[in-house]
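Protein sequences, first through last, are from chains A and B.
Using our numbering, you'd call the opening residue of the first sequence number 943 and step up by one each time.
Using our numbering, you'd call the opening residue of the second sequence number 9 and step up by one each time.
C-beta: ideal position from N, C-alpha, C; glycine also.
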Amino acid sequence: MSNPSLFDIISPIMIGPSSSHTAGAVRLGLLARNIFGETPQEVTFKLYNSYASTGKGHGTDKGLLAGILGLKVDDIRIRHIFDSKLSQSLKYNFEFIQDFSRHPNAVDMYLKGSHEMFISGDSVGAGEIVITRINSFNVSLTGEYNTLILVYRDKPGMISAVTSMFQSKKLNIASLDCDRNARGKEASMVICVDGDLDDGVVNSIREMKDVYFVTYVRKLEK
Amino acid sequence: MNSNIHTFERLKELCAERNMRIYEIAQEYMSVSNDIPIKEVREFTLKSLNAMKDAIKCGLASNEPSYSGMCGNDCGKVQIAFDLHPPMFGGLFANIIKYALATSEENVRMGRIVACPTAGSCGILPSVIVAVSEYKNYSEEEQINALITGGEIGRVISQKLSLAGAVAGCQAECGVASAMAAAAVCQLRGGTVPQVISAVALALKNILGLTCDPVAGLVEVPCVKRNPFLAVHAITACELALANVKSVIPPDEVVDAMAQIGSLMSPMLKESSQAGLATTKTGLKIKKKLFKN
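In structure tokens form, the structure reads like this:
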């Protein structure tokens, strides 16, 4: 947040005590949930460094779980989330790790439900977050934009095939990031858009040849 | 348009040129840059104001300790003591202290607060705006004006340094909150724009160098009790400014100094809990005990 606005200074309304360790944790959980696409049945959280050492005292563990369950940063249920009915629906556990090659406030989330996913993220200050990894792909997802994430086979023409779908709907692309495991193997595309995609576009992309996985993640509320 | 107001000098000039108050400039800018009506800017502000009042109310009614057990019942103690022996500075003073403690204790027990500008400093601006408004019967509209004024002060400061303990120490969190609160009260009291900005300079100048050395890395000690201290600090700044006392060093230069001090401050004193209060004999003992669990 290099140039905060008036609103940034007089908000957010949030559950304390820490914007990076509590509100940031909720937002990491929430964005992971949105990427995963459903409430998981099982989650393992690995908290690193400062998240590991001060996480319990700051309710980082509660925040992450609350986010995974779809609660927002100002939801008063976060405080007692471990005792809440909401959290009885899934299995969860926490591990605490010191590894200084990772960000001071990093977390890994292993989610299991109708499918499985590995998601990593960092809480970078003032409640701002970045999802840094989805499965084997490096990404950079802040939750500021509606974002389409897809995994596909790396081959010529895929980017233009996908982006032409956006063009036909007159949607502006704010950013586009690609990563791949190896030439001709699995690749990932993360497309941030201004405006909103309808289900039609998402479904047509899902049905494209050599597209393995598509998820559309709506931006997080401030 | 008032694009890119980076300095208090520019803010002061604009207010003078257009014969407007700080909140009017700020709400107009927010309205134009976000393409929303001014009414919506004020509604957003009212939502924060109401959440601040709710946090005070919840905090006054609770004695629940924080997870660590280090904080949570000081507001209760203060309420009982003040009922028996009113503080010598009177009821307004009592309320500022109570409200600041209520809010920051609510924060550490995972209650709902407004991070303004940060969660650790969340008690300062609300305590001052709410207590002074109750005392003087200021209307909701005037309170919104005050909160926008305080917010704009924080925004201008944040153009030069990040309002984070990890970046510039507590001077950038509780210190800036205090400057915002000084400006907000000065606005409520009908101070001129130069007086409001003077209040900011005076408040900031007198907390320069404040470190962030929390015990066990938690937003509790010294953060919770620091809130009432810096709320009262804001009132001192406001009273001096209203008496036309000026900071010899202009406000923008004070902010420059603060940014410089922040970058010169050892990382051991910037939210890393490697020195200061965090590594006192007692601080370390508390940390050891907490981490055993």
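Measure how close the beta-carbons of residue i and residue j come, nearest whole angstrom, since I'm counting them as under 8 Å.
| i | j | result |
| --- | --- | --- |
| residue 201 (chain B) | residue 23 (chain B) | 4 Å |
| residue 994 (chain A) | residue 1040 (chain A) | 6 Å |
| residue 49 (chain B) | residue 165 (chain B) | Incorrect: roughly 20 Å between the Cβ atoms, too far for contact. |
| residue 223 (chain B) | residue 128 (chain B) | With 8 Å as the limit, residue 223 (chain B) and residue 128 (chain B) do not qualify as a contact, their Cβ atoms being about 13 Å apart. |
| residue 1029 (chain A) | residue 1023 (chain A) | 5 Å |
| residue 104 (chain B) | residue 239 (chain B) | 5 Å |
| residue 1014 (chain A) | residue 1128 (chain A) | Not a contact, Cβ separation roughly 33 Å. |
| residue 63 (chain B) | residue 121 (chain B) | 5 Å |
| residue 125 (chain B) | residue 951 (chain A) | 5 Å |
| residue 1083 (chain A) | residue 1093 (chain A) | 14 Å between Cβ atoms; not a contact. |
| residue 285 (chain B) | residue 221 (chain B) | 5 Å |
| residue 140 (chain B) | residue 109 (chain B) | Residue 140 (chain B) to residue 109 (chain B), Cβ: 17 Å. No contact. |
Closer than 9 Å by beta-carbon distance: list the chain B residues that pair up with residue i, in chain order.
| i | result |
| --- | --- |
| residue 1067 (chain A) | 170, 172, 174 and 175 |
Out of the options, state which residue places its alpha-carbon closest to the alpha-carbon of residue i.
| i | options | result |
| --- | --- | --- |
| residue 204 (chain B) | B:156, B:118 and B:217 | B:156 |
| residue 1097 (chain A) | A:1076, A:1087, A:1007 and A:1121 | A:1121 |
| residue 232 (chain B) | B:99, B:92 and B:111 | B:111 |
| residue 1061 (chain A) | A:950, A:957 and A:970 | A:970 |
| residue 244 (chain B) | B:136, B:228 and B:163 | B:136 |
| residue 1074 (chain A) | A:977, A:954 and A:1143 | A:977 |
| residue 47 (chain B) | B:61, B:31 and B:62 | B:31 |
| residue 210 (chain B) | B:195, B:261, B:269 and B:249 | B:249 |
| residue 1034 (chain A) | A:1070, A:960 and A:984 | A:984 |
| residue 267 (chain B) | B:116, B:191, B:183 and B:105 | B:183 |
| residue 981 (chain A) | A:1058, A:957, A:1022 and A:953 | A:1058 |
| residue 949 (chain A) | B:55, B:16 and B:14 | B:55 |
| residue 35 (chain B) | B:300, B:283 and B:159 | B:159 |
| residue 278 (chain B) | B:217, B:98, B:101 and B:176 | B:176 |
| residue 1089 (chain A) | A:1158, A:1052, A:955 and A:958 | A:1158 |
| residue 149 (chain B) | B:195, B:68 and B:133 | B:195 |
| residue 1134 (chain A) | A:1086, A:989, A:1143 and A:1110 | A:1086 |
| residue 957 (chain A) | A:1000, A:1145 and A:974 | A:1000 |
| residue 1245 (chain A) | A:1042, A:974 and A:1112 | For residue 1245 (chain A) there is no data in the structure shown, the boundaries of chain A being 943 and 1164. |
| residue 270 (chain B) | B:191, B:51, B:217 and B:107 | B:217 |
| residue 1053 (chain A) | A:1082, A:1010 and A:1112 | A:1010 |
| residue 1116 (chain A) | A:1123, A:1125 and A:1132 | A:1132 |
| residue 1141 (chain A) | A:1025, A:1127, A:1050 and A:1108 | A:1108 |
| residue 972 (chain A) | A:1063, A:997 and A:954 | A:1063 |
| residue 131 (chain B) | B:145, B:116, B:142 and B:144 | B:116 |
| residue 258 (chain B) | B:300, B:106 and B:207 | B:207 |
| residue 225 (chain B) | A:1026, A:1155, A:1047 and A:954 | A:1047 |
| residue 1160 (chain A) | A:975, A:954, A:953 and A:968 | A:975 |
| residue 1036 (chain A) | A:1004, A:1026 and A:1016 | A:1004 |
Against residue i, what residues of chain B qualify as contacts under a CB-to-CB distance less than 7 Å, listed in chain order?
| i | result |
| --- | --- |
| residue 982 (chain A) | By Cβ distance, chain B contributes nothing, its closest Cβ being about 23 Å from residue 982 (chain A), past 7 Å. |
Closer than 8 Å by beta-carbon distance: list the chain A residues that pair up with residue i, in chain order.
| i | result |
| --- | --- |
| residue 34 (chain B) | 948 |
| residue 225 (chain B) | 992, 995, 996 and 999 |
| residue 124 (chain B) | 951, 952 and 953 |
| residue 114 (chain B) | 958 |
| residue 76 (chain B) | 999 |
| residue 104 (chain B) | Simply none; closest approach about 19 Å. |
| residue 118 (chain B) | 957, 958, 959, 964, 1001, 1004, 1020 and 1021 |
| residue 127 (chain B) | 956, 958, 959, 960, 961, 964 and 965 |
| residue 38 (chain B) | 947, 948 and 949 |
| residue 205 (chain B) | Correct list: empty, because the minimum Cβ distance to chain A is about 16 Å. |
Cβ closer than 7 Å: which chain A residues qualify as neighbours of residue i?
| i | result |
| --- | --- |
| residue 240 (chain B) | Those do not exist, as residue 240 (chain B) stays about 21 Å from chain A at its closest Cβ, beyond 7 Å. |
| residue 56 (chain B) | 952, 953 and 955 |
| residue 59 (chain B) | 955 |
| residue 52 (chain B) | 949 |
| residue 298 (chain B) | 999 |
| residue 46 (chain B) | Within chain A, no residue comes near residue 46 (chain B); the closest Cβ sits about 12 Å away, beyond 7 Å. |
Output, in chain order, the set of chain A residues within a Cβ distance shorter than 9 Å of residue i.
| i | result |
| --- | --- |
| residue 215 (chain B) | Correct list: empty, because the minimum Cβ distance to chain A is about 18 Å. |
I'd like to know whether the C-beta of residue i is nearer than 9 Å to at least one C-beta of chain E.
| i | result |
| --- | --- |
| residue 140 (chain B) | Checking the listed chains, one finds no chain E in this structure; the protein chains it contains are A and B. |
Using a threshold of 8 Å, is the CB atom of residue i nearer than that to any non-hydrogen atom of the ligand MN?
| i | result |
| --- | --- |
| residue 210 (chain B) | In the structure shown, the ligand MN is absent, as is every other ligand, since no ligand is present at all. |
Going along the chain, which residues of the stretch 989 to 1002 of chain A sit with their C-beta nearer than 9 Å to a C-beta in chain B? Taking 9 Å as the Cβ-Cβ cut-off against chain B, the residues of the stretch 989 to 1002 of chain A that qualify are 992, 995, 996, 998, 999, 1000 and 1001.
Near-chain B residues of the stretch 948 to 972 of chain A - C-beta to any C-beta below 9 Å: Residues 948, 949, 950, 951, 952, 953, 954, 955, 956, 957, 958, 959, 960, 961, 962, 963, 964 and 965.
Write down every uninterrupted run of the beta strand (DSSP E) in the stretch 44 to 116 of chain B whose length is 3 residues or greater and which is fully enclosed by it, in chain order. For the beta strand (DSSP E) assignment, the stretch 44 to 116 of chain B encloses no uninterrupted run of at least 3 residues.
Under 8 Å, CB to CB, which of the residues in the stretch 1017 to 1044 of chain A have a partner in chain B? Here the close residues are 1018, 1020 and 1021.
Give, in chain order, every unbroken run of the alpha helix (DSSP H) that is at least 4 residues long and sits entirely within the stretch 1081 to 1160 of chain A. Qualifying alpha helix (DSSP H) stretches, in chain order: 1100 to 1110 and 1141 to 1148.
Which full runs of the beta strand (DSSP E) of 3+ residues lie inside the stretch 948 to 1017 of chain A, going along the chain? Here the runs fully enclosed are 955 to 957 and 984 to 990.
Select from the stretch 145 to 171 of chain B all residues with a C-beta closer than 8 Å to any C-beta belonging to chain A, and list them in chain order. The residues in question are 155, 156, 158, 159, 160, 162, 163, 166, 167, 170 and 171.
Beta carbons nearer than 8 Å to chain A: which residues of the stretch 238 to 270 of chain B have them? Contact residues of the stretch 238 to 270 of chain B toward chain A are absent (C-beta to C-beta distance below 8 Å).
Beta carbons nearer than 7 Å to chain A: which residues of the stretch 281 to 297 of chain B have them? Going along the stretch 281 to 297 of chain B in chain order, one finds no residue with a Cβ nearer than 7 Å to chain A.
Let me know the alpha helix (DSSP H) ranges lying completely inside the stretch 177 to 234 of chain B, each 4 residues or longer, listed in chain order. As summarised for the stretch 177 to 234 of chain B, the continuous alpha helix (DSSP H) elements at least 4 residues long and confined to that stretch are 182 to 196 and 201 to 213, given in chain order.
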